[in-house]
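Chains as they are written, first to last, in this note's numbering: chain A, 4 to 321; chain B, 112 to 259.
Just so it is clear, CB atoms sit at the ideal spot from N, CA and C, and this is done for glycine as well.
Following: one structure in structure tokens, then a few remarks.
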């Protein structure tokens with residue numbers, strides 16, 4: 004084990020961590036240092052599989068995965084203590100949580116260069132994996148799997164292709180949750196999903212299908228995203244506005260949205276920068292992905308109106 | 112993207128504590144921890160609009176795949192990913208059938224040659240957060256190479 008990176012106990016814990024935990028940096032290319040947390044399996048680390056987890060974004064930290072999803076610990080609401088997660092995946096596999104690309108979470112680049120594309124991200128992720136096996140060579144023979152969610156739907160397949168050529172790594176497979184696997188399909192399906200879940204009414208649906216579909220209503224006959232009909236495009240734009248202003252939690256339409264809490268934080272914090280982070284950026288980020296799929300444009304083309312610039316009546320309405 | 116309706120303020124507060132950074136061996140060059148980095152997000156360049164080629168090639172190379180979706184997520188909804196999976200063109204082994212955890216329907220699943228597509232009922236985007244036990248059973252089945 005790479006003892007310099009060893010974590011024995013985290014602040015908020017009263018006992019030592021009962022399995023191997025390591026936190027430090029793995030090297031990418033050109034001065035890139037990607038932060039990782041590695042937790043050994045509580046079963047048999049020598050034979051259990053090794054599973055890499057990547058959160059998406061792009062730009063979001065895998066510490067979210069570690070502390071709020073499948074990692075071994077949960078930070079309590081007050082942040083004062085750490086609790087075990089009874090459904091932690093490191094009961095099944097040793098897990099690497101990697102903060103990627105540089106600039107995400109605690110990861111950084113010596114040159115302060117944080118512009119990267121899909122290929123650069125997957126290349127750095129591969130370099131980081133190789134760096135991991137240099138630190139922990141005893142895991143090189145374990146079955147190795149990739150996993151992640153959301154924009155990791157891009158990270159994982161692009162990394163997978165690179166791993167196919169790495170015969171020294173015992174790469175076995177991949178798991179992708181709610182992946183950003185196909186922009187156009189996700190844009191088109193979103194219209195169906197919205198109707199099937201009652202987010203738009205029958206009149207809107209009829210208008211959309213009459214303008215955007217030919218030869219019936221279905222996956223193959225409706226083109227909401229790349230339609231050449233300007234009326235269809237306009238209707239899809241209205242739909243996008245309608246679901247955005249609905250106030251729904253886009254990540255789980257049946258869960259509550261903590262918007263009020265976000266807004267309270269925004270107004271109670273003295274730093275506008277911090278407030279913007281808690282309140283507006285998160286909304287802008289989520290709706291950006293939705294708009295990107297519905298309009299067929301990349302994230303960069305889309306102008307988002309931050310929540311704080313909306314009028315009071317708009318906020319009350321939502 | 113980052114989870115817009117989930118409050119990560121306590122986690123951000125925790126991960127920016129000096130003692131926590133020290134315990135995690137964080138380098139002084141690393142900035143303040145945020146759940147999602149605006150600079151990275153805004154400067155990131157998306158190349159691939161579909162990952163069909165990469166996923167197909169990986170499966171053809173014998174790598175096992177699991178594509179799963181919480182079924183009430185609007186951002187990357189299950190229907191779009193289901194269309195993606197069907198479009199890969201691999202023959203299916205089972206029809207689209209329910210799968211179970213604790214005698215309850217955990218979601219629906221379809222096995223293909225080399226990979227499996229599964230939904231997680233009542234889960235949003237962050238499946239291990241929303242349905243932790245089902246997510247645990249799901250990844251267990253996948254890692255052990257068992258049918259759902």
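Can you tell me whether residue i is buried or exposed, with buried defined as 16 or more other CB within 10 angstroms of its CB?
i	result
residue 257(B)	exposed
residue 226(A)	buried
residue 186(B)	buried
residue 219(B)	buried
residue 32(A)	exposed
residue 199(A)	exposed
residue 118(B)	buried
residue 257(A)	exposed
residue 193(B)	buried
residue 123(B)	buried
residue 183(A)	buried
residue 202(B)	exposed
residue 69(A)	buried
residue 115(A)	exposed
residue 229(A)	exposed
residue 253(B)	buried
residue 224(B)	exposed
residue 145(A)	buried
residue 79(A)	exposed
Hey, does residue i have any beta-carbon neighbour from chain A nearer than 8 Å?
i	result
residue 207(B)	no
residue 134(B)	yes
residue 218(B)	no
residue 115(B)	yes
residue 257(B)	no
residue 221(B)	no
residue 215(B)	no
residue 203(B)	no
residue 212(B)	no
Taking 8 Å as the CB-CB cut-off, is residue i touching chain B?
i	result
residue 215(A)	no
residue 62(A)	yes
residue 212(A)	no
residue 118(A)	yes
residue 258(A)	yes
residue 160(A)	yes
residue 98(A)	no
residue 273(A)	Residue placement at residue 273(A) cannot be trusted, given a pLDDT of 25 that sits under 50; the coordinates are not used to answer.
residue 220(A)	no
residue 281(A)	With a pLDDT of 32 at residue 281(A), under the threshold of 50, the modelled position of this residue cannot be trusted, and the question is left open.
residue 76(A)	no
residue 129(A)	no
residue 139(A)	no
residue 153(A)	yes
residue 145(A)	no
residue 208(A)	no
residue 71(A)	yes
residue 6(A)	no
According to DSSP, what are the bridge partners of residue i?
i	result
residue 56(A)	100(A), 150(A)
residue 227(B)	177(B), 222(B)
residue 260(A)	Answer by DSSP bridge pairing: none, since residue 260(A) is not bridged.
residue 70(A)	In DSSP, residue 70(A) forms no bridge with anything.
residue 134(B)	BP columns for residue 134(B) are empty, so no partner.
residue 185(A)	161(B)
residue 248(B)	DSSP lists no partner for residue 248(B).
residue 76(A)	87(A)
residue 216(B)	211(B)
residue 30(A)	36(A)
Would you say residue i and residue j are within 8 Å of each other, going by their C-beta atoms?
i	j	result
residue 246(A)	residue 211(A)	no
residue 42(A)	residue 93(A)	yes
residue 111(A)	residue 141(B)	yes
residue 85(A)	residue 15(A)	yes
residue 147(A)	residue 168(A)	no
residue 194(A)	residue 239(A)	yes
residue 48(A)	residue 97(A)	yes
residue 222(B)	residue 184(B)	no
residue 99(A)	residue 76(A)	no
residue 331(B)	residue 13(A)	Lying before the first or after the last residue shown, residue 331(B) is absent from chain B, which here runs from 112 to 259.
residue 37(A)	residue 131(A)	yes
residue 162(B)	residue 185(A)	yes
residue 137(B)	residue 109(A)	yes
residue 231(B)	residue 180(B)	yes
residue 175(B)	residue 175(A)	yes
Report the residues of the stretch 227 to 253 of chain B with a CB closer than 7 Å to any CB of chain A, ordered along the chain.
235, 236, 237, 238, 239, 240, 241, 243, 244, 246, 247, 250, 251, 253
Short-range partners of chain A found in the stretch 141 to 156 of chain B, where Cβ spacing is below 9 Å:
141, 142, 144, 145, 146, 147, 148, 149, 150, 151, 152, 153, 154, 155, 156
Could you please tell me which residues of the stretch 179 to 199 of chain B, in chain order, have their CB closer than 7 Å to any CB of chain A?
179, 180, 181, 183, 184, 185, 186, 187, 188, 190, 191, 192, 194, 195
Along the stretch 41 to 56 of chain A, where does the CB come closer than 8 Å to a CB of chain B? Name the residues.
52, 54
Closer than 8 Å, Cβ to Cβ, to anything on chain B: give me those residues from the stretch 232 to 253 of chain A, in chain order.
246, 251, 252, 253
Interfacial residues, the stretch 19 to 41 of chain A to chain B, with Cβ spacing under 8 Å:
26, 27, 28, 36, 38, 40
Of the residues that make up the stretch 167 to 192 of chain A, which ones have a beta carbon closer than 8 Å to any beta carbon in chain B?
167, 174, 175, 176, 177, 178, 179, 180, 181, 182, 183, 184, 185, 186, 187, 188, 189, 190, 191, 192
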